[in-house]
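Undergrad: Below is the structure I would like to discuss, written out as structure tokens.
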Amino acid sequence: MRFTFAGTEYPGCEGETLAAALVRNGVLGGFHSLYRNRPRGVYTAGEEEPNALVQIGARPLLRATLVELEDGLVAEPLAGKGRLVAVPDETRYDTIHAHCDVLVVGAGRSGVAAAEAAAGRVILVDAGRGAAGLSRTWVVGLYDDNYAVAVEAERRVWRIRAKRIVLATGAIERPAVYPDNDRPGVMLAGAFERYGRPAGATPVSGGWSPRVHLWSQARGRLRWDDRVGAPVPDGELRGIECVGSVTGEGLPDAPAFALPDGDEDAMFVDLERDSTVADVRRAIGAGLRSVEHVKRYTTIGTGSEQGKLANVNAICVAAELLQVHPDELGTTTFRPPYLPVSFALLAGRDRGPLFDPARVTPIHPAHLAAGAVFEDVGQWKRPRFYPHAGEDMDAAVRRECAAARESVAKMDASTLGKIDVQGADAVEFLNRMYTNAFDSLAVGRCRYAVMCKPDGMIFDDGVVMRVGEQRFVCTTTTGNAAPVLAWMEEWLQTEWPELRVWLTSLTEQWATVAVVGPDSRALLAGLTRIPLDRGAFPFMAIRGGAVAGIPARVCRISFSGELAYEVNVDGRRGLELWQSLDATPYGTETMHVLRAEKGYPIVGQDTDGTVTPQDLGMDWIVSAVKADFVGKRSFTRADTARPGRKQLVGLLPADRIREGTQLVADPGSTAMLGHVTSSYDSVALGRPFALALVKSGRERIGETVYADGIAAEIVDSVLYDREGARRDGRPA
Amino acid sequence: MTAVLREVELDAQVSLRGEPPMAPNTIAGDALWLGPDEWLVLGGREQDYADAWAAVDVSASRVCLELAGPDAADVLCRGCALDLHPSVFPPGRCAQTLLARAQVILYRTDEHTFRLLVRPSYADYLRAWLRDAMVDRKG
Chain A
0 MRFTFAGTEY PGCEGETLAA ALVRNGVLGG FHSLYRNRPR GVYTAGEEEP
50 NALVQIGARP LLRATLVELE DGLVAEPLAG KGRLVAVPDE TRYDTIHAHC
100 DVLVVGAGRS GVAAAEAAAG RVILVDAGRG AAGLSRTWVV GLYDDNYAVA
150 VEAERRVWRI RAKRIVLATG AIERPAVYPD NDRPGVMLAG AFERYGRPAG
200 ATPVSGGWSP RVHLWSQARG RLRWDDRVGA PVPDGELRGI ECVGSVTGEG
250 LPDAPAFALP DGDEDAMFVD LERDSTVADV RRAIGAGLRS VEHVKRYTTI
300 GTGSEQGKLA NVNAICVAAE LLQVHPDELG TTTFRPPYLP VSFALLAGRD
350 RGPLFDPARV TPIHPAHLAA GAVFEDVGQW KRPRFYPHAG EDMDAAVRRE
400 CAAARESVAK MDASTLGKID VQGADAVEFL NRMYTNAFDS LAVGRCRYAV
450 MCKPDGMIFD DGVVMRVGEQ RFVCTTTTGN AAPVLAWMEE WLQTEWPELR
500 VWLTSLTEQW ATVAVVGPDS RALLAGLTRI PLDRGAFPFM AIRGGAVAGI
550 PARVCRISFS GELAYEVNVD GRRGLELWQS LDATPYGTET MHVLRAEKGY
600 PIVGQDTDGT VTPQDLGMDW IVSAVKADFV GKRSFTRADT ARPGRKQLVG
650 LLPADRIREG TQLVADPGST AMLGHVTSSY DSVALGRPFA LALVKSGRER
700 IGETVYADGI AAEIVDSVLY DREGARRDGR PA
Chain B
0 MTAVLREVEL DAQVSLRGEP PMAPNTIAGD ALWLGPDEWL VLGGREQDYA
50 DAWAAVDVSA SRVCLELAGP DAADVLCRGC ALDLHPSVFP PGRCAQTLLA
100 RAQVILYRTD EHTFRLLVRP SYADYLRAWL RDAMVDRKG
């Protein structure tokens, strides 16, 4: 087996670590320190290694003491910090959730004994290769309720929930502090033995420190133990116990700590951070007394080794310089992770296509086949536009808009949230949730509705359909489907438990297709026996019947100002419905243009949580007669009722302006009057236009404002078909 | 991994509200306990439950995937935080939980067979995730 280190090839042995192989090949140096560029070498045989850091391919900051040798391995030494590589880490990482009665951390004598004595399901983990239980595994984080996160061989994360945890984590040998204690060849006595007493190496030992990190992470207290010269676990934690040398038991008596004579600037306390006794003396000279403050001043313990070697010596040095007992200085708090863990490892399989679910509607295959360009709306993939050959987005949107305004077009609206609301108190419930009232809404009719938060700001909007005496279906915006259901449930369960109302999500039960345009009636007439003429099926009415042979609920709702029908069918037949509708498919971009031409706001685009219905010019949707509803009290607050609030208006700019642009009164001014919320090019208007929120906007109609130097006239927000003549389609 | 993934056709599902005489997170007949006053019946129609506080046809709201084989629990434990040991989660128990990043209703039909009810919009994601998880093996 051969491996390469710092450009030189060496022979290696199966089962050896990179550090062991280097030492065996006589490489006692080969590394350098981060700040002072001092030559360094392998110092330990474990995860506390401060010097021998390497980069292997895309993987930075690996400890040579933990890297298992493999043939052809190429390692570069690192001085204290890793290097990000532009190539992705292609390693497959795994995650496993595990449960047990007892988790034993450490398979030394005490750990194995604890595991053997434990009843039920037992998980034993240990850092050692070939150890009993899960080998080459470190618990890196211990959290509330005995939740432990462990890393196995840098390939797998274990998320373990244990009824009881036994910490048999042992102890770490600590360095001795003296001048030039960082020289290559100086290594801890335990490592010296482990590496077979290599020629030229110098063993040192400052005693043994119990490995209290996990106990401390779990908020366990520590107390100073004079005999071992280090902190040990103190007090009790529910469900966690320490056994063996982590308690100090069985550890040798520590030599009394004393600072030798000599150059304090060459007595290293933290090898990885290049911090010395001189640094600790400076911190104390600056008036710092707590070990936490000394740590921050000197950066001792803040390297990737996280103070495993340095912290105890830092306390001893500070105590010595201050002439106090170490217990008076306190200890640092250990936090997860115990070892550096790569983000890729933590991410596990949540990468690439599995990073986040891509939700698709039942009609998705047709969108793919039609060459749709998709946009992300929350987790949903929604068609943004359907380009023909040679078309860019603007051209496709112009064509799709023209189809909706002049003939007939269809859109997949299945992502809209839908909530079934039923029960004897359904009307009362809806009256409290929305700003408008539903007592007078007849069965078979629907109504646009707005929902506010208690601060009076718009939260969501949609259509409320009355499908039965005590039964409604409320639609929500795509992004708010889950939040609106949760919001309604919260009020029902915590504020109004007396209401006899039950909510059920129907979002995925129904596929919804909007059929839009002056020819939509003619198209549907060929597919259904539902009477469609305007007298039989008026605006905002609901009808049931078969469409293309599929049982459907059809609503005359328009988000474009055109004659339009929303056809809802069982989700499993959505694709069949779509394919039976001979109309131009259009995407969200065209939907946005069509609604903006009519001045219909989109919650979350033209509103941002600071906008009231009145700000949108929708005073009519706020009931003046209802006793109460969520948000009502806020409409009389001084700030909500004051003049000068931003209001929704239309803009006719000389050229395209960008959404989000600040609006000013003259090109040289920086005083903001408002901002652009929506901006499009309109084939129907034959020009660019925009919607904006402008201070006292409605009073400014006719004035000119500037967006990035482009002049724009403020106009009413309804720019197309102000009379609403198109809503009922072509005259019979 | 020794586990097989397939889709199970369920002809009907009804969401019922009321006070079922059922212990939490259990299955009685075709009814799965989902909450203190909520359960899901596999099969049937809205009209069959006139006595319920509310009954809603949700037949198209969830897809049923079945994962079967000696390693089925081993696959699921890669994305599900629940304890699926047969002593804790035997046949007859059900749970609403997360599998990876998708909400699922999970239940076990026998020691080596699990069913997952998932919203159709998440089904492609969940199938892809399961296929990926089936590549790995413990140890």
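Protein sequences, first through last, are from chains A and B. So in numbering that gives the first Met the number 0, spot 199 of the first sequence is number 198, and the numbers just go up one at a time. So in numbering that gives the first Met the number 0, spot 105 of the second sequence is number 104, and the numbers just go up one at a time. A virtual CB, placed ideally from N, CA and C, is assigned to each residue, including glycine.
#1: Between the C-alpha atoms of Glu-15 of chain A and Lys-80 of chain A, what's the straight-line distance to the nearest angstrom?
#2: Which residues in the same chain as Val-682 of chain A place their Cβ atom closer than 7 angstroms to its Cβ, once the five residues preceding and following it in sequence are excluded?
#3: Is any beta-carbon of chain A found at less than 8 angstroms from that of Pro-119 of chain B?
#4: Would you say Tyr-84 of chain B faces chain A, with C-beta separation under 8 angstroms as the test?
#5: Are the C-beta atoms of Thr-136 of chain A and some chain B residue less than 8 angstroms apart?
#6: Given that a residue counts as buried once 16 or more other Cβ atoms are within 10 Å of its Cβ, and exposed if not, what is Pro-259 of chain A?
#7: Compare the Cα-Cα distances from Arg-334 of chain A to each of A:His-324, A:Glu-304, A:Arg-358, A:Pro-361 and report the closest residue.
#8: Can you tell me whether Cys-315 of chain A is helix, strand or coil according to DSSP?
#9: List the residues of chain B that Arg-571 of chain A touches, going by C-beta distances under 7 angstroms, in chain order.
#10: Thinking C-alpha only, which one of A:Gly-300, A:Pro-202, A:Gly-643, A:Arg-218 is nearest Asn-145 of chain A?
#11: Just the C-alpha distance for Leu-213 of chain A and Gly-34 of chain B, rounded to the nearest angstrom, thanks.
#12: Just the Cα atoms here: how many angstroms apart are Tyr-585 of chain A and His-591 of chain A?
#13: On a CA-only basis, which of A:Val-165, A:Gly-189, A:Ala-689 is nearest Tyr-118 of chain A? Give me that one, please.
#14: Tell me the residue span of the beta strand (DSSP E) that contains Asn-567 of chain A.
#15: Between which two residues does the beta strand (DSSP E) harbouring Ala-67 of chain B extend?
#16: Less than 8 angstroms separating the beta-carbons of Ala-51 of chain B and Leu-15 of chain B?
#17: Does Val-55 of chain B come within less than 8 angstroms of chain A when only Cβ atoms are used?
#18: Do you know how far the Cα of Arg-725 of chain A is from the Cα of Asp-680 of chain A?
#19: Taking a contact to mean a Cβ-Cβ separation below 8 angstroms, would you say Lys-162 of chain A touches Asp-225 of chain A in this structure?
#20: Would you tell me roughly how many angstroms separate the C-alpha atoms of Val-463 of chain A and Arg-499 of chain A, rounded to the nearest one?
#21: Please confirm whether Arg-16 of chain B has its beta-carbon closer than 8 angstroms to some beta-carbon of chain A.
#22: Do you know how far the Cα of Glu-722 of chain A is from the Cα of Phe-536 of chain A?
#23: Given that Ala-80 of chain B touches chain A, what residues does it touch there, using C-beta distances under 8 angstroms?
#24: Near Ala-188 of chain A, what residues of its chain come up, given a Cβ to Cβ distance below 6 angstroms and the 5 sequence neighbours on each side ignored?
#25: For the segment 545 to 574 of chain A, which residues have a beta carbon sitting closer than 7 angstroms to at least one beta carbon of chain B?
#26: On the premise that Val-211 of chain A lies in contact with Pro-230 of chain A, defined as a C-beta separation below 8 angstroms, what is that separation, rounded to the nearest angstrom?
#27: Please state if the CB of Ala-436 of chain A and the CB of Lys-694 of chain A are separated by a distance shorter than 8 angstroms.
#28: In terms of residue numbering, what span does the alpha helix (DSSP H) encompassing Gly-543 of chain A cover?
#29: Can a CB atom of chain A be found closer than 8 angstroms to the CB of Ala-132 of chain B?
#30: If you measure from the beta carbon of Val-648 of chain A to each beta carbon in chain B, is any gap under 8 angstroms?
#31: Could you tell me the distance, in whole angstroms, from the CA atom of Gly-630 of chain A to the CA atom of Trp-486 of chain A?
#32: Using 8 angstroms as the threshold, is the segment 77 to 86 of chain B in touch with the segment 81 to 99 of chain A, meaning 3 or more CB pairs across them?
#33: Using CA coordinates, which residue listed in A:Ile-299, A:Ala-51, A:Tyr-9 is at the minimum distance from Arg-182 of chain A?
#34: Nearest to Gln-508 of chain A by CA position, among A:Pro-496, A:Arg-572, A:Ala-365, is which residue?
#35: Considering only residues of the same chain and omitting the five flanking positions on each side of Tyr-34 of chain A, which have a CB-CB separation below 7 angstroms?
#36: Just mark Val-41 of chain A as buried or exposed, buried being the case when its beta carbon has 16 or more other beta carbons within 10 Å.
TA: A quick look at the data gives this:
#1: Residue mapping note: residue 15 of chain A aligns to position 16 of the first sequence, counting from 1. Residue mapping note: residue 80 of chain A aligns to position 81 of the first sequence, counting from 1. Roughly 24 angstroms between the two C-alpha positions.
#2: Taking the first residue of the first sequence as position 1, residue 682 of chain A is located at position 683. The residues are Arg-397, Cys-400, Ala-401.
#3: Taking the first residue of the second sequence as position 1, residue 119 of chain B is located at position 120. For Pro-119 of chain B, the answer is yes, since a Cβ of chain A falls inside 8 angstroms of its Cβ.
#4: Position 85 of the second sequence, counting from 1, holds the residue named residue 84 of chain B. Reading the sequence as shown, one finds His at residue 84 of chain B and not Tyr. Closer than 8 angstroms: yes.
#5: Walking along the first sequence from the start, residue 136 of chain A turns up at place 137. For Thr-136 of chain A, the answer is no, since every Cβ of chain B falls outside 8 angstroms of its Cβ.
#6: Here residue 259 of chain A refers to the residue found at position 260 when the first sequence is read from its first residue. Pro-259 of chain A should be labelled exposed.
#7: Here residue 334 of chain A refers to the residue found at position 335 when the first sequence is read from its first residue. Arg-334 of chain A has its Cα closest to that of A:Glu-304, out of A:His-324, A:Glu-304, A:Arg-358, A:Pro-361.
#8: Looking up residue 315 of chain A in the first sequence gives position 316. DSSP, reduced to helix, strand and coil, places Cys-315 of chain A within a helical segment of the structure shown.
#9: As a working note, residue 571 of chain A is residue 572 in the first sequence. Neighbours of Arg-571 of chain A across chain B, judged by C-beta separation under 7 angstroms: Ala-59.
#10: Start at 1 with the first residue of the first sequence, and residue 145 of chain A comes out as number 146. Cα-wise, what sits closest to Asn-145 of chain A is A:Arg-218.
#11: As a working mapping, residue 213 of chain A is identified with position 214 in the first sequence. As a working mapping, residue 34 of chain B is identified with position 35 in the second sequence. CA-CA distance, Leu-213 of chain A to Gly-34 of chain B, rounds to 37 angstroms.
#12: Translated into the one-based positions of the first sequence, residue 585 of chain A becomes position 586. Translated into the one-based positions of the first sequence, residue 591 of chain A becomes position 592. Each residue's alpha carbon lies about 11 angstroms from the other.
#13: Translated into the one-based positions of the first sequence, residue 118 of chain A becomes position 119. Checking the displayed sequence, the identity of residue 118 of chain A turns out to be Ala instead of Tyr. When only C-alpha atoms are compared, the closest one is A:Val-165.
#14: Counting from 1 along the first sequence, the entry for residue 567 of chain A is found at position 568. Element bounds for Asn-567 of chain A: 563 to 569.
#15: In the second sequence, counting from the first residue as 1, residue 67 of chain B sits at position 68. 62 to 67 is the span of the beta strand (DSSP E), which, as asked, contains Ala-67 of chain B.
#16: Counting from one through the second sequence, the residue named residue 51 of chain B turns up at place 52. Counting from one through the second sequence, the residue named residue 15 of chain B turns up at place 16. In this structure, Ala-51 of chain B places its C-beta atom within 8 angstroms of the C-beta atom of Leu-15 of chain B.
#17: As a working note, residue 55 of chain B is residue 56 in the second sequence. Yes, Val-55 of chain B counts as interfacial toward chain A.
#18: Looking up residue 680 of chain A in the first sequence gives position 681. Looking up residue 725 of chain A in the first sequence gives position 726. If I take the Cα positions, the gap works out to 21 angstroms.
#19: Here residue 162 of chain A is taken as the residue at index 163 of the first sequence, counted from 1. Here residue 225 of chain A is taken as the residue at index 226 of the first sequence, counted from 1. Contact flag unset, no.
#20: Residue numbering aside, residue 463 of chain A sits at position 464 when the first sequence is read from its first letter. Residue numbering aside, residue 499 of chain A sits at position 500 when the first sequence is read from its first letter. Taken atom to atom, the span from the alpha-carbon of Val-463 of chain A to that of Arg-499 of chain A is near 18 angstroms.
#21: Residue 16 of chain B sits at position 17 when you count from the first residue of the second sequence. Taking Cβ atoms only, chain A reaches closer than 8 angstroms to Arg-16 of chain B, which makes this a yes.
#22: Within the first sequence, the letter at position 537 stands for residue 536 of chain A. Within the first sequence, the letter at position 723 stands for residue 722 of chain A. The straight-line gap from Cα to Cα measures roughly 20 angstroms.
#23: Within the second sequence, residue 80 of chain B is the residue found at index 81, counting from 1. Within 8 angstroms Cβ-Cβ: His-96, Arg-158, Arg-160.
#24: Residue numbering aside, residue 188 of chain A sits at position 189 when the first sequence is read from its first letter. The residues are Pro-202, Ser-204.
#25: Per Cβ criterion, the list reads Asp-569, Gly-570, Arg-571.
#26: Taking the first residue of the first sequence as 1, we reach residue 230 of chain A at position 231. Taking the first residue of the first sequence as 1, we reach residue 211 of chain A at position 212. Contact flag correct, Cβ pair sits at about 6 angstroms.
#27: To locate residue 694 of chain A, count along the first sequence from 1; it is residue 695. To locate residue 436 of chain A, count along the first sequence from 1; it is residue 437. With contacts defined by Cβ atoms closer than 8 angstroms, Lys-694 of chain A and Ala-436 of chain A do not form a contacting pair.
#28: Translated into the one-based positions of the first sequence, residue 543 of chain A becomes position 544. Taken as a continuous stretch (DSSP letters only), Gly-543 of chain A belongs to no alpha helix (DSSP H), being part of the beta strand (DSSP E) at 541 to 546.
#29: Residue numbering aside, residue 132 of chain B sits at position 133 when the second sequence is read from its first letter. By the rule that beta-carbons nearer than 8 angstroms mark a contact, Ala-132 of chain B touches chain A.
#30: The sequence position of residue 648 of chain A within the first sequence is 649, counting from 1. No, its Cβ sits nowhere closer than 8 angstroms to a Cβ of chain B.
#31: Numbered from 1 along the first sequence, position 631 holds the residue referred to as residue 630 of chain A. Numbered from 1 along the first sequence, position 487 holds the residue referred to as residue 486 of chain A. The straight-line gap from Cα to Cα measures roughly 13 angstroms.
#32: Judged by pairs of C-beta atoms under 8 angstroms, the segment 77 to 86 of chain B touches the segment 81 to 99 of chain A, as three or more such pairs exist.
#33: Stepping through the first sequence from its first residue, residue 182 of chain A is reached at position 183. Of A:Ile-299, A:Ala-51, A:Tyr-9, the residue nearest in Cα terms is A:Ala-51.
#34: Taking the first residue of the first sequence as position 1, residue 508 of chain A is located at position 509. For Gln-508 of chain A, the closest of A:Pro-496, A:Arg-572, A:Ala-365 by C-alpha to C-alpha distance is A:Arg-572.
#35: Walking along the first sequence from the start, residue 34 of chain A turns up at place 35. For Tyr-34 of chain A, same chain residues with a beta-carbon under 7 angstroms away, outside a window of 5 residues either side, are Asp-273 in chain order.
#36: Position 42 of the first sequence holds residue 41 of chain A. Val-41 of chain A comes out buried.
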